[in-house]
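Structure first, then comments.
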Amino acid sequence: GGTNNQISKDLAIVNERGLIGKVIETGKYTSRVLLISDINSSVPVKVFNQDIHAIVTGHSSNKILKLKFIKGDKKIKIGDVLVTSGNAGIFPKNIAVGKVFQIKNDQFFIKPFVDFNNLDFVQVVNEKSF
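Under my numbering, the first residue of the sequence shown is numbered 3, with each subsequent residue one higher.
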């Protein structure tokens with residue numbers, strides 16, 4: 003849908019597994035979404051139930067995500083679950099994003115909860131609960 007369904011720019015797109023992306027453009031009947039797996043995507047996240055903040059970006063493989071910036075000197079470890087932090091006012095808080103599965107040469111790799119090759123139904127989060 004598009005503006006005919008009250009969809010507007012910057013609304014979060016999710017499914018039952020977690021965050022998919024955000025609306026970047028709307029027409030009357032269609033909308034374009036920037037997926038979190040896109041290399042141009044940046045999502046403010048935090049480690050679930052901890053005060054560790056970072057930014058998740060897409061990766062050229064399209065199947066994994068990367069942590070770009072970790073705030074402070076706190077340590078992120080394999081198995082940590084990342085959720086949206088609500089910072090930057092784009093995404094609501096606590097939407098599942100992914101899990102840290104590899105740390106190599108100070109680079110952190112994330113397995114997204116969403117399967118981007120298998121998206122049948124998506125949902126628009128049309129209110130920003132911060």
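Even glycine gets a Cβ: it sits at the ideal position worked out from N, Cα and C.
Whole-Å CB distance - residue i paired with residue j, under 8 Å assumed
| i | j | result |
| --- | --- | --- |
| residue 110 | residue 68 | 7 Å |
| residue 43 | residue 59 | 6 Å |
Other residues of its chain near residue i: CB distance less than 7 Å, five sequence neighbours each side excluded
| i | result |
| --- | --- |
| residue 127 | 13, 14, 16 and 94 |
| residue 81 | 101 and 102 |
Cut-off 6 Å between Cβ atoms - residues of its own chain near residue i, not counting five sequence neighbours on either side
| i | result |
| --- | --- |
| residue 132 | Here residue 132 scores only 44 on pLDDT, less than 50, and its place in the model should not be relied on; the value that follows carries that caveat. 88. |
| residue 120 | none |
Nearest residue (CA-CA) to residue i, options the options
| i | options | result |
| --- | --- | --- |
| residue 40 | 72, 23, 74 and 105 | 23 |
| residue 9 | 32, 18, 20 and 21 | 32 |
Pairwise C-alpha distance: residue j and residue i
| i | j | result |
| --- | --- | --- |
| residue 4 | residue 107 | 43 Å |
| residue 6 | residue 57 | 33 Å |
| residue 85 | residue 52 | 10 Å |
| residue 92 | residue 47 | 11 Å |
8 Å CB neighbourhood of residue i in its chain, flanking five on each side removed
| i | result |
| --- | --- |
| residue 20 | 97, 98, 99, 100, 114, 115 and 116 |
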